[in-house]
Amino acid sequence: MLSRGSLPSTLPADPMPLFEEWFAHAREQSVQRNPDSMALATATPDGRPSARVVLLKRLVVDPGYVVFYTNYESRKGQEMAANPRVAALIHWDAQGRQVRLEGRVVTSPASESDEYFASRALDSRIGAWASLQSQPLASRATLMKRVATHAARFGTQVPRPPHWGGYRLWPEAVELWNEGAFRVHDRARWTRSVVAGGDSSFIAGPWAATRLYP
């Protein structure tokens, strides 16, 4: 049975370089509109889950984490503040591949968030100020009025809002999946320990790999 590629017969000790290779390939192929789309699942302390799509903006192979950005006061931001354990899924349908992550999040350093925010389009920076993400909105006109107000307030010099910034997701588990013919897929899972090591960082143990039935 043929597949669109397969995992190595001997699984690598670290899944992150292969994850990076798949991510780069998906972006280079340009057959999916948003190859950096990542479904992020959070949960309240009492276990009520919710999921949405964010953008995977950075993948750091060593020591092994991914970065995304959002409004800290949004529903997901509030849930991550109360329960930092999350799960994420990146699915590249055109490549027949997906990556699952399970782990913990911590806010990115302010300097990192500042640098990324400054690289965004002007309208996106204004939008970050205008949107009270996840809060009730009376009308679209109300939102557009807020956009106009903040555009007039800042002009082209738009600082990062204090309620907006990055998160680093440190996976304790990574699963790589390659599509196979007739649903005979290729699938493996890596796990490691992750212990808090300071601001925005963790101390990660070695990975342990296991091939899984699809």
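Our numbering applies: residue 61 is where the sequence shown begins, and numbers increase by one. Even glycine gets a Cβ: it sits at the ideal position worked out from N, Cα and C.
| Query | Result |
| --- | --- |
| Report the rounded CA-to-CA distance for E172 versus L192, giving the unit in angstroms. | 22 Å |
| For the 8 Å Cβ check, are there 3 or more pairs between the region 132 to 147 and the region 243 to 260? | no |
| Can you have a look at G107 and say buried or exposed, based on whether 16 or more other CB atoms are within 10 angstroms of its CB? | exposed |
| Round the Cβ separation of R112 and K136 to the nearest angstrom and send it over; I've been treating them as touching at under 8 Å. | 6 Å |
| Quick check on the DSSP output: what are the complete beta strand (DSSP E) runs of length 3 or more inside the region 92 to 160, in order along the chain? | 97 to 103, 109 to 115, 118 to 120, 125 to 131, 145 to 152 |
| For a quick check, are the C-beta atoms of Q89 and A154 less than 8 Å apart? | yes |
| Within 10 angstroms of the Cβ of P75, are there 16 or more other Cβ atoms? Answer buried if so, exposed if not. | buried |
| Locate the alpha helix (DSSP H) running through V207, then write down its first and last residues. | 200 to 214 |
| Nearest to A295 by CA position, among W189, G265, F242, is which residue? | Because the chain is modelled from 61 through 274, residue 295 falls outside the range shown and cannot be assessed. |
| Is E239 buried or exposed, if buried means 16 or more other CB atoms sit within 10 Å of its CB? | buried |
| For L78 versus M98, is the C-beta distance shorter than 8 Å? | no |
| What separation, rounded to the nearest whole angstrom, lies between the Cα atoms of E80 and G225? | 23 Å |
| DSSP three-state call for S261: helix, strand or coil? | strand |
| Expressed to the nearest angstrom, what Euclidean distance is found between the alpha-carbon atoms of I263 and R164? | 12 Å |
| Residues in the same chain with beta-carbon distance under 6 Å from E157, minus the five sequence neighbours each way, listed in chain order, please. | Strictly speaking, residue 157 in this sequence is Arg, with Glu absent from that position. Once the five neighbours on either side are set aside, the close Cβ partners of R157 are W82, N238. |
| Could you say which of G215, S110, P274, A178 lies nearest to E289 if we only look at CA atoms? | Outside the displayed range of the chain (61 to 274) lies residue 289, so it cannot be described from this structure. |
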